[in-house]
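Comments concern the structure below.
Numbering (the working numbering), first residue to last: -12 to 392.
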């Protein structure tokens, strides 16, 4: 029987590798999904080593907005009564992005060959999350795929809107930082040397602050490549550190303790938790499977571990609201709304209301953060520019005094 080497992703984001025996690649994918992992690559072992049969990550440069548009368009087509394969054909024809087109074509070929649509989606875990695949699978089983796609489209559109608001809110501070850096570089590289030549001609005894500035300017102009290399090394080392589980824990823990930012992250993750869990439960996914998916969706590892801890007790019959009260994540208002939802049998609606509440709170937290960052950046920029100006003016005052004397 053929042997296949695979690389797959667990719900918590961990990458696993191994070997499976199966008649064909499709059975390997099914086995992996039964193991609650999502395949990234599947390679058949050949006589001369590993012969690569498929690489599901060859299309990693597809934007999130492309996925949102794909979902909305597919939802509209299926709601209009068009068969899934024909709907995918239509999307292939009208999609301009070649990589997106190839991905849709791959899924269409799989579906036409008898593969469930959810399995075809699972081949592209970077484009279609566990949430996406799980909801589509529930829609296929229940016979309401068009409804599921409509809910998915709404979910993704809200996520895209939140991302857009965050980007727009942070645009002005980022522009200010870039302008400040440009001003500092221009002053130190071009303006300061002009004054230095004048001071040298007059043979002035320069103040210490001016000497420090001149030394910094000389270092920037003479060893700029070392500064760039150092910055690249620091960025690389930081990314390597964050890529490790222990490094990610340290960074995520630190984020939660930053004033205002930590509060914003908590509210954003509570909103994501509530909307994801509510959407999954509303589409017939069991709460244990839904919590697996939610754990993978939460981006902060500290908070994701807290969510993962909920599952063990719930599997033994504990109520979700009781476990949420014991967690360090959820505020009383959220746990009380969940408790009411459990008592009235409307847990899905309660979770979605929590999501809406905390999306609004996240917006407010973002605005508060930006409101604090803007004056802080202005003060920092003023201090740096003021230091440079003072370092240049002091020798001029000395020269003026010497001339008068």
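Every residue gets a Cβ at the ideal spot worked out from N, C-alpha and C, and that includes glycine.
Between residue i and residue j, what straight-line distance do the alpha-carbon atoms span, to the nearest angstrom?
{"i": "residue 186", "j": "residue 375", "result": "15 Å"}
{"i": "residue 103", "j": "residue 129", "result": "13 Å"}
{"i": "residue 28", "j": "residue -3", "result": "13 Å"}
{"i": "residue 424", "j": "residue 173", "result": "Outside the modelled stretch of the chain, which goes from -12 to 392, sits residue 424, for which no answer is possible."}
{"i": "residue 89", "j": "residue 115", "result": "15 Å"}
{"i": "residue 80", "j": "residue 53", "result": "15 Å"}
{"i": "residue 277", "j": "residue 325", "result": "15 Å"}
{"i": "residue 373", "j": "residue 78", "result": "57 Å"}
{"i": "residue 112", "j": "residue 17", "result": "15 Å"}
{"i": "residue 218", "j": "residue 242", "result": "22 Å"}
{"i": "residue 142", "j": "residue 265", "result": "11 Å"}
{"i": "residue 65", "j": "residue 315", "result": "42 Å"}
{"i": "residue 184", "j": "residue 370", "result": "25 Å"}
{"i": "residue 361", "j": "residue 381", "result": "30 Å"}
{"i": "residue 383", "j": "residue 165", "result": "30 Å"}
{"i": "residue -10", "j": "residue 14", "result": "11 Å"}
{"i": "residue 99", "j": "residue 148", "result": "34 Å"}
{"i": "residue 318", "j": "residue 310", "result": "12 Å"}
{"i": "residue 61", "j": "residue 140", "result": "9 Å"}
{"i": "residue 94", "j": "residue 108", "result": "7 Å"}
{"i": "residue 96", "j": "residue 59", "result": "21 Å"}
{"i": "residue 6", "j": "residue -8", "result": "4 Å"}
{"i": "residue 131", "j": "residue 262", "result": "20 Å"}
{"i": "residue 91", "j": "residue 82", "result": "9 Å"}
{"i": "residue 188", "j": "residue 182", "result": "10 Å"}
{"i": "residue 305", "j": "residue 279", "result": "17 Å"}
{"i": "residue 192", "j": "residue 209", "result": "23 Å"}
{"i": "residue 146", "j": "residue 357", "result": "20 Å"}
{"i": "residue 355", "j": "residue 12", "result": "51 Å"}
{"i": "residue 10", "j": "residue 101", "result": "16 Å"}
{"i": "residue 387", "j": "residue 152", "result": "53 Å"}
Report buried or exposed for residue i, applying the criterion of at least 16 other Cβ atoms within 10 angstroms of its Cβ.
{"i": "residue 197", "result": "buried"}
{"i": "residue 161", "result": "exposed"}
{"i": "residue 257", "result": "buried"}
{"i": "residue 30", "result": "buried"}
{"i": "residue 117", "result": "buried"}
{"i": "residue 72", "result": "exposed"}
{"i": "residue 246", "result": "exposed"}
{"i": "residue 56", "result": "buried"}
{"i": "residue 223", "result": "exposed"}
{"i": "residue 331", "result": "exposed"}
{"i": "residue 24", "result": "buried"}
{"i": "residue 285", "result": "buried"}
{"i": "residue 320", "result": "exposed"}
Whose C-beta lies closer than 6 Å to the C-beta of residue i among residues of the same chain, with five residues either side of it excluded?
{"i": "residue 260", "result": "281"}
{"i": "residue 312", "result": "322"}
{"i": "residue 204", "result": "175 and 179"}
{"i": "residue 291", "result": "282 and 285"}
Measure the Cβ-Cβ separation of residue i and residue j and say whether it is below 8 Å.
{"i": "residue 167", "j": "residue 368", "result": "yes"}
{"i": "residue 200", "j": "residue 378", "result": "yes"}
{"i": "residue 125", "j": "residue 270", "result": "yes"}
{"i": "residue 335", "j": "residue 268", "result": "yes"}
{"i": "residue 238", "j": "residue 229", "result": "yes"}
{"i": "residue 345", "j": "residue 254", "result": "yes"}
{"i": "residue 275", "j": "residue 252", "result": "no"}
{"i": "residue 110", "j": "residue 49", "result": "no"}
{"i": "residue 272", "j": "residue 105", "result": "no"}
{"i": "residue 307", "j": "residue 329", "result": "yes"}
Please list, in chain order, all residues of the same chain as residue i whose beta carbon is under 8 Å from its beta carbon, the five residues on each side excluded.
{"i": "residue 34", "result": "With a pLDDT of 39 at residue 34, under the threshold of 50, the predicted position of this residue should be treated as unreliable, though the coordinate-derived value follows. The answer is none, since no qualifying residue turns up."}
{"i": "residue 207", "result": "172, 175, 176 and 214"}
{"i": "residue 163", "result": "361, 364, 365 and 368"}
{"i": "residue 3", "result": "-6, -5, -4, -3 and 24"}
{"i": "residue 303", "result": "none"}
{"i": "residue 150", "result": "51"}
Got a sec: is the Cβ-Cβ distance from residue i to anything in chain B below 8 Å?
{"i": "residue 331", "result": "The structure shown contains no chain B; it is built from a single protein chain."}
Suppose the cutoff is 7 Å on Cβ atoms and the five residues either side in sequence are ignored; what does the same chain contact list for residue i look like?
{"i": "residue 216", "result": "none"}
{"i": "residue 359", "result": "247"}
{"i": "residue 119", "result": "108 and 139"}
{"i": "residue 36", "result": "Note that residue 36 scores a pLDDT of 36, beneath 50, so its modelled location is shaky; the value from the coordinates is reported in the next line. Correct list: empty, nothing qualifies."}
Is residue i close to the ligand ADP? I mean its beta-carbon at under 7 Å from any heavy atom of the ligand.
{"i": "residue 275", "result": "As far as ligands go, the structure on display features none, and thus does not contain the ligand ADP."}
**OP:** Take every Cβ of the region 344 to 364, pair it with every Cβ of the region 147 to 163, and state whether three or more of those distances are shorter than 8 Å.
**Re:** yes
Original post:
How do the region 231 to 244 and the region 332 to 344 stand: do at least 3 beta-carbon pairs fall below 8 Å, yes or no?
Top reply: no
Original post:
Do three or more CB pairs link the region 122 to 139 to the region 281 to 296 at distances below 8 Å?
Top reply: Because the criterion of three Cβ pairs below 8 Å is not met, the region 122 to 139 and the region 281 to 296 do not touch.
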